[in-house]
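Note sheet for the following structure.
4 protein chains.
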Amino acid sequence: MKRPYFKTSSDAPAPLTFTVQRIVRFEEVDPLGIVWHGRYPSYFEDARVALGDHYGIGYLDFHRENLVTPIKQIHVDYDRPLRFGETCTITALLYWTRAARMNLGFEIRNKTGDITTTGYSVQLFLDTQGTLLMAPPDFYLDFCERWEQGLL
Amino acid sequence: MKRPYFKTSSDAPAPLTFTVQRIVRFEEVDPLGIVWHGRYPSYFEDARVALGDHYGIGYLDFHRENLVTPIKQIHVDYDRPLRFGETCTITALLYWTRAARMNLGFEIRNKTGDITTTGYSVQLFLDTQGTLLMAPPDFYLDFCERWEQGLL
Amino acid sequence: MKRPYFKTSSDAPAPLTFTVQRIVRFEEVDPLGIVWHGRYPSYFEDARVALGDHYGIGYLDFHRENLVTPIKQIHVDYDRPLRFGETCTITALLYWTRAARMNLGFEIRNKTGDITTTGYSVQLFLDTQGTLLMAPPDFYLDFCERWEQGLL
Amino acid sequence: MKRPYFKTSSDAPAPLTFTVQRIVRFEEVDPLGIVWHGRYPSYFEDARVALGDHYGIGYLDFHRENLVTPIKQIHVDYDRPLRFGETCTITALLYWTRAARMNLGFEIRNKTGDITTTGYSVQLFLDTQGTLLMAPPDFYLDFCERWEQGLL
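Heads up: the sequence lines are chains F, W, Y and S, in that order.
Counting with our numbering, you get residues 1430 to 1581 for the letters of the first sequence.
Counting with our numbering, you get residues 1430 to 1581 for the letters of the second sequence.
Counting with our numbering, you get residues 1430 to 1581 for the letters of the third sequence.
Counting with our numbering, you get residues 1430 to 1581 for the letters of the fourth sequence.
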């Protein structure tokens, strides 16, 4: 798996990014003294949810349109551990695509700025009958247009 | 907090019990090498769900009646730790009451039969409008009658 | 279970308190749309850890003295639900005692200031051989003295 | 991401497999009524731990050799949801390699035998000083030899 995880053409708009902070909880740390590997989807989700809320394309925005955006794929690469009490930043990067999906990359950095963890998630668009949308919904296309025009 | 947690009159039917097994997961163990204290509501729930399914008074049975049984109170007493890979048994004890509530006690034992953890939960009956039921629903009263008559 | 959970004599120092914020995560919410009851020990711990860090009596402070402070008892009373995305405050209250234990109460409030959840935890002092301390360790007695003299 | 996730030469020993069962807990299900996507590393770990225990290459076997096997990479593909109370099977497949790593694939199937989720994990070998091993440790090479000779 090479990074960046998603390739975009050279004339595509740059990824939209959003960064949140998180402090490692005692309960998240395993007997080896490091955050258990299976907690990282939760870390990624913190940044994904915050990015979605910030740009109006979050869980509740899709819910209002009777749509859900289930995770189709998730991937995590572990570079450095995180320990109890550490503050880290989690950055979500939404990559440009015209396809009916949301491609997000993630970067977690520790207090000294080193990358500890990276990864990605792929989400699809589904209506409430569970039917897969073959094109993004209108409100999401509006969002993409503003993104392309540099208005975000 | 004295045990037993629930007092019943001497002529009340004995508690109904159900026991399940669980093996401690790596992710449940904290940096001190023992199951993190906050995981025990999950352990109790394993036995509560299994008892409910066994006696036809589980989550889905109430759901069918358009009722939910939210937890009103939970309590845990920690006597001994559990460690990674340990097999334990979790016993739920449903205590007799005519009130509109479910009073459950819990006992967790390790492989050698020692009690590691005890506790209780109290659940109420709510309809889908969120209104508290002042008496148990009919299907639950039927269940109580069979319990009282020793038919369970 | 009557509240306040811990009774202190009228001339005891007032509880020390510390409040933190938390936003409900999607993963914490159950099929009924509310925070699953078993997540609240984690909510309480956020405030307990922050209070401990603030007053120099946290996990790492005890660790430095080769001591641990295992949870002996935990209790939760559920008054109102919390939902996805809600911001709540969690207040920990450390109650005065001369006994070899830490008695903490907890109050969670939603955005409108209503109490949603209360509870308590009891912790004991243990050395690294697992022996129970019958009196608080010296550094904790120092802390208590400053507390009693109103110096905190 | 194409499946199978790991390519092995045609004369390599077939993957070793181990299958466990798991029943979906209420707490694992999200507001959409399906297992939250971030729980699946826990599902995979159930099968990985069981396979390791079965073949003598588990967490405690490495621990005895003063080694740990941290997760370097994890990947999950979501095909179908799982719901509360569903019983599923989780199969771990250990793929043959002479490199200093453990390559595991995973398949989760629902009651009717349909694949709901697949994925993989990559683990490295580390000594207690945190130094990466460039070749598998002796006891693991012994295990590989028995595997290659069809003795497992």
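Don't be surprised by glycine CBs; every beta carbon is placed ideally from N, CA and C.
Just so it is clear, the structure is predicted and the values come from calculations on it, not from any experiment.
One thing to note: residue 1466 of chain W has its Cβ no nearer than 8 Å to the Cβ of residue 1504 of chain Y. According to the DSSP assignment, residue 1434 of chain Y belongs to no alpha helix (DSSP H), since it is labelled neither H nor E. In this structure residue 1534 of chain Y is buried. Its beta-carbon is surrounded by 16 or more other beta-carbon atoms within 10 angstroms.
Residue contact check for residue 1574 of chain S against chain Y: no CB pair falls below 8 Å. In the structure shown, residue 1529 of chain Y adopts coil according to DSSP, grouped into three states. DSSP places residue 1521 of chain F in the uninterrupted beta strand (DSSP E) bounded by 1516–1524. Excluding five sequence positions before and after residue 1481 of chain F, the CB atoms of its chain that fall closer than 6 Å to its own CB belong to 1487, given in chain order.
With distances taken between CA atoms, residue 1547 of chain F lies nearest to F/1537 out of F/1553, F/1537, F/1541.
Here the C-alpha atom of residue 1462 of chain F lies approximately 5 Å from the C-alpha atom of residue 1460 of chain W.
Fully contained in the region 1435–1481 of chain Y are the following beta strand (DSSP E) runs of length 3 or more, in chain order: 1445–1452.
The secondary-structure analysis by DSSP pairs residue 1536 of chain F across a beta bridge with F/1520, F/1547. Residue 1571 of chain Y counts as exposed, since fewer than 16 other C-beta atoms from the protein chains shown sit within 10 angstroms of its C-beta. Between the alpha carbons of residue 1525 of chain S and residue 1444 of chain S lies a distance of about 6 Å. The C-beta of residue 1475 of chain W has 16 or more other C-beta atoms within 10 Å across all chains shown, which makes the residue buried. What residue 1488 of chain S touches in chain W, judged by beta-carbon distance under 9 Å, is 1455, 1513, 1514, going in chain order. Contact of residue 1474 of chain S with chain W is assigned, a C-beta pair being separated by under 8 Å. In terms of beta-carbon proximity, residue 1460 of chain W lines the interface with chain F, with at least one pair separated by less than 8 Å.
Residue 1507 of chain Y is positioned such that its CB atom lies no closer than 8 Å to that of residue 1565 of chain W. Contact check for residue 1437 of chain F and residue 1520 of chain F: beta-carbon distance about 17 Å, past the 8 Å limit, so the pair fails to qualify.
Nearest C-alpha to residue 1453 of chain F among Y/1502, Y/1478, Y/1550, Y/1512: Y/1478. For residue 1571 of chain Y, no beta strand (DSSP E) encloses it; the enclosing alpha helix (DSSP H) starts and ends at 1567–1577.
Counting along the chain, the unbroken alpha helix (DSSP H) around residue 1490 of chain S starts and ends at 1488–1493. Counting only the Cα atoms, residue 1446 of chain W lies some 18 Å from residue 1439 of chain W.
Between the alpha carbons of residue 1491 of chain Y and residue 1472 of chain Y lies a gap of roughly 21 Å. With a threshold of 8 Å between beta carbons, residue 1507 of chain Y makes contact with chain W.
The CB of residue 1501 of chain Y comes closer than 8 Å to the CB of 1506, 1507 in chain W, given here in chain order. For residue 1506 of chain S, the enclosing beta strand (DSSP E) covers residues 1500–1507. Under the 10 Å beta carbon count, residue 1512 of chain S is surrounded by fewer than 16 other beta carbons and is classified as exposed. In this structure, residue 1434 of chain Y and residue 1549 of chain Y form a Cβ contact; the two beta carbons are roughly 4 Å apart against a cut-off of 8 Å. Taking the CA atoms as reference points, residue 1457 of chain F sits about 9 Å from residue 1458 of chain W. Closest option to residue 1557 of chain Y, judged by alpha-carbon separation, among Y/1516, Y/1485, Y/1579, Y/1495: Y/1495.
Listed in chain order, the non-local C-beta contacts of residue 1576 of chain Y below 7 Å within the same chain comprise 1442, 1445, local neighbours out to five positions each way being set aside. For residue 1471 of chain W, the C-beta contacts it makes with chain S under 9 Å involve 1454, 1456, in order along the chain.
Leaving aside the five residues that flank residue 1529 of chain S on each side, the residues in its chain whose CB is nearer than 8 Å to its CB run, in chain order, 1553, 1554, 1561, 1562, 1563, 1564, 1565.
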